[in-house]
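Here's the structure, in structure tokens; my notes come after.
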Amino acid sequence: MKVTILTIFPEFFDSPLKQSLLGKALARGSLGIELVDIRDYTADKHRTVDDAPFGGGTGMVMKVEPLYEALSAVTAGKDIPRRKIILTSAAGRKFNQRTAIEYSLLDHLVIICGRYKGVDARLHKFFDIEEVSIGDYVLNGGETAALAIVESVFRLLPGGIGKIDSAMSDSFIEEMLGCQVWTRPARFKGESVPAVMQGGDHARQERFRRFCALQMTMNRRPDLLRQTILDEDDRLMLQEIAAGKEFEDCY
Ligand code: SAM
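In this note's numbering, each residue's number is its place in the sequence shown (first place is 1) plus 99.
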């Protein structure tokens, strides 16, 4: 998969793209990231990317011409059916794990990082662009949003993280939160790791993880449970959780 990021601050990505698993995946070539400096597509000597808004008001607006030229260049001559162009925008469709899965199936994801008051709306007349928000708050620019999107998508790619099983047991994969986790020491300042997780009964541990994930979801994000696919066993566990029971009380 290839990701192209259009930005006026390509250096913003220098460190994050070198770190940890993402850095390794890029070095290995399992993911390709192309950074495009929007200023390279300006025509004036000041490399101007913004201008005052029509109709007055505060703040500047990203000019349409450099973005049009940059997008034309990155999409030119390459007929890639599974390509999507997104524009980071607080007013966009809310990005979530489902969107990450959807994007992980693409061959080419193009991300435009907005700045200032936003992008001249006419850009949408020339390209099929989806506006995407990473949450109900306003950032200074789309670079932070682009990084969040890239990192969540890359985790789902083959070879992205070491074990895909790990990504598949994360929160939101099944419209529910993931189970809590523990590591050594088994006892710390009087607090112990649950006994079941210290033993060797893998089937019971699997059951505990499910119970714990359902309990976390019911306590913290009950809204998710409306969409979770639940089997009979899950429903029974939810009844027990609602009755205030703990795993050890029931299994
Ligand atoms: N005037 C815009 C509004 O009211 O929605 C906010 C512009 S913001 C200062 C500058 C840029 O940051 C936006 O064009 C967008 O690219 C990016 N941005 C801000 N908040 C975002 C969010 N929650 N999700 C994605 N991108 C965001």
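We put the CB at the ideal spot given by N, CA and C, even for glycine.
Same chain, Cβ closer than 7 Å to residue i, neighbours up to 5 away in sequence not counted
i	result
T222	Reading off the sequence shown, one finds Leu at residue 222, where the question assumed Thr. If we look at L222 and ignore the five residues flanking it on each side, its Cβ neighbours are V163, L166, Y167 and I228.
G234	none
L335	none
Selected residue, minimal CA-CA separation from residue i, among the options
i	options	result
D150	R214, A244, E290 and F310	R214
R270	A342, Q314 and E347	As written in the sequence, residue 270 is Ser, which differs from the Arg given in the question. Nearest C-alpha to S270: Q314.
A189	I132, S232 and V209	S232
S251	K117, E230, R283 and T198	T198
H207	K144, M317 and I132	I132
Q326	E274, I185 and M336	E274
G156	N239, S291 and K216	K216
E201	M161, R181 and I211	R181
L205	K101, E331 and R192	K101
V237	M159, M161, T187 and S114	T187
V173	M336, Q338, E110 and I104	I104
F112	H301, S291, T316 and T243	T243
F253	K117, P109, L116 and L130	L130
E347	D322, D300 and A294	A294
L120	P257, E331 and P284	P257
Cβ neighbours of residue i in the same chain (closer than 8 Å, five flanking residues each side left out)
i	result
G298	Q304
I272	Q196 and A266
R138	I107, R146, V148 and P165
L337	L313, M317, L324 and L329
R286	V292
W281	V292, P293 and M296
Beta bridge counterpart(s) of residue i as assigned by DSSP
i	result
I211	L105 and L186
G131	K101
S291	R286
R192	V231
V280	Paired residues: none, contrary to the question.
M161	D149 and V218
D136	T106
Supposed close pair residue i, residue j - CB separation, criterion 8 Å
i	j	result
L134	F226	That belief does not hold up - the Cβ atoms of L134 and F226 are roughly 19 Å apart, past 8 Å.
C349	A312	Not confirmed; about 15 Å, so no contact.
L276	R309	Not confirmed; about 12 Å, so no contact.
G259	A124	6 Å
L246	S203	The pair is not a contact, with the Cβ atoms about 16 Å apart (cut-off 8 Å).
M159	D219	M159 to D219, Cβ: 11 Å. No contact.
I248	I210	6 Å
G289	E230	Not confirmed; about 51 Å, so no contact.
D136	P115	Their Cβ separation, rounded to whole angstroms, is 17 Å, which puts D136 and P115 out of contact at 8 Å.
6 Å Cβ shell around residue i - same chain, five flanking residues per side excluded
i	result
G241	T187, C212 and G213
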